[in-house]
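Scroll down for the structure; my scribbles are underneath it.
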Amino acid sequence: MKKGSTAGIISTGRALPVAKITNHDLEKIVDTNDEWIKTRSGIEERRIITGDETNSELSARASRIALERAGISPAALDMIIVATVTPDQILPSTACIVQNKLGAFNAAAFDLVAGCTGFLYGFDVATRYINSGAAKHILLIGVDTLSPIVDWQDRNTCVLFGDGAGAVVLSAVDEGRGVLASKMFSDGTKANLLYVPAGGSTRPATQQTVSQRGHYIKMNGKEVFKFAVTVMVDSLLEVLSLAGKTAEDLDILAPHQANLRIINFACKRLKLKPEQVLVNIHRYGNMSSAAIPVALDEAVEEGKLQAGQLVGLVSFGAGLTWGAAVTYWQ
Ligand code: UT7
7 MKKGSTAGII
17 STGRALPVAK
27 ITNHDLEKIV
37 DTNDEWIKTR
47 SGIEERRIIT
57 GDETNSELSA
67 RASRIALERA
77 GISPAALDMI
87 IVATVTPDQI
97 LPSTACIVQN
107 KLGAFNAAAF
117 DLVAGCTGFL
127 YGFDVATRYI
137 NSGAAKHILL
147 IGVDTLSPIV
157 DWQDRNTCVL
167 FGDGAGAVVL
177 SAVDEGRGVL
187 ASKMFSDGTK
197 ANLLYVPAGG
207 STRPATQQTV
217 SQRGHYIKMN
227 GKEVFKFAVT
237 VMVDSLLEVL
247 SLAGKTAEDL
257 DILAPHQANL
267 RIINFACKRL
277 KLKPEQVLVN
287 IHRYGNMSSA
297 AIPVALDEAV
307 EEGKLQAGQL
317 VGLVSFGAGL
327 TWGAAVTYWQ
């Protein structure tokens, strides 16, 4: 890598399923209501895949947009990272399927599993590859199609999640125009707060795992909530300090979109104004790894994200995992 340069996001793209499910639609499926969902989570509607929409298809759509905006051909990519917990299938990786769809045959391609923190884990990996000079152009996709693994009989979870994909291209940019710091964290002692019991090699699919609804997400929402409000702020402050910055220096925050109350709590502690915070949870629910890149892409389109701004990214999710990054916007 050229001296005086650093990794930075040079473009974004997104792809969302067409079908919408509103809170009122959910009232017909489980014992819930619009008022509860809105006040407890901030969610009003979410998108879910139908027909030909798959994880790899949404990923490829979002990626084509990001690549076109970056002016980079698929052949120029050195790496494709797909951050997801909902691959098309167990083997091969969705990243390899996406590589084939894009024709990005010079890229190493792999999936990365870190729950809803997947995008930030991928961001940290991509940044370090570019900073070391081992890669020039990396396509990072945050994507999840959770609707097939959500239990539509469980009101504790089915009202919260949605499907979508966001992609970014990271390349070397001039120092002072890219990533300042990033860090990944995990705590496996909390693995049982958010998990899918069956379908892996320990409990492969059987008639019993299916009848026990073992292939669906199980979550202790209250405990995840308590954990999230602490780590969202603490990890961002730690990464800001690594970057030699404070919360006052931030122009924009792109937080994970799991619950509006978690976002508001973090913003209050960080003393950020509402207009500094990217929020789209009301429209999409929790899209896991896609939440942040979709929010970034929308903010670019809406003119909320502009060159030279200091942007904080922070997320948490199954694992439990969490992570944060601070970057200048290109
Ligand atoms: O990306 C990481 C993924 N996960 C998260 O970030 C989740 C974090 N947690 C949360 O967002 C919140 O904990 C939830 C939105 C999941 C739940 O909100 P809460 O304020 O913690 O509610 P609760 O779990 O304490 O439930 C309160 C009541 C319960 O009834 P009782 O026991 O007080 O009679 C629930 O049974 O609300 C009930 N409830 C519902 N009522 C209507 C739970 N889900 C629903 C529902 N509709 N969908």
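Residues in the sequence shown are numbered from 7 upward in steps of one, following the working numbering.
Beta carbons are placed, not taken as given, at the ideal position from N, Cα and C, and that holds for glycine.
Quick caveat, the model's predicted, so the values are computed rather than measured.
Asked: Closer than 8 Å: asparagine 286 CB and nearest the ligand UT7 heavy atom; Found: no
Asked: Same chain only: Cβ atoms within 6 Å of lysine 323, ignoring 5 sequence neighbours per side; Found: The identity of residue 323 in the sequence shown is glycine, whereas the question assumes lysine. Answer for glycine 323: Gly121, Cys122 and Thr123, listed in chain order.
Asked: Leucine 319 and leucine 311 closer than 9 Å at C-beta; Found: no
Asked: Contact test: arginine 102 Cβ vs the ligand UT7 heavy atom, cutoff 8 Å; Found: Just to set this straight, residue 102 is cysteine in the shown sequence, not arginine. Flag unset: Cβ of cysteine 102 not near the ligand UT7.
Asked: Rounded straight-line distance, which links the Cα of asparagine 39 to that of valine 332; Found: 38 Å
Asked: Opposing strand residues paired with tryptophan 42 [DSSP bridges]; Found: DSSP, once it has assigned bridges, lists no residue as partnering tryptophan 42.
Asked: Residue range of the beta strand (DSSP E) that includes arginine 52; Found: 51–54
Asked: The region 156–176 / the region 286–304 touching (three or more Cβ pairs under 8 Å); Found: yes
Asked: Minimum length 4: unbroken alpha helix (DSSP H) runs contained in the region 207–274; Found: 213–217 and 227–248
Asked: For leucine 22 and leucine 186, the rounded distance between their alpha carbons; Found: 30 Å
Asked: Buried versus exposed call for glycine 128 [16 or more other C-beta atoms within 10 Å across all chains shown]; Found: buried
Asked: Sequence-distant residues of its chain with Cβ nearer than 8 Å to threonine 60 (five each side left out); Found: Asp94 and Thr151
Asked: Pair within 9 Å by beta-carbon distance, phenylalanine 116 and serine 99; Found: yes
Asked: Threonine 92 vs valine 24 beta-carbon contact at 9 Å; Found: no
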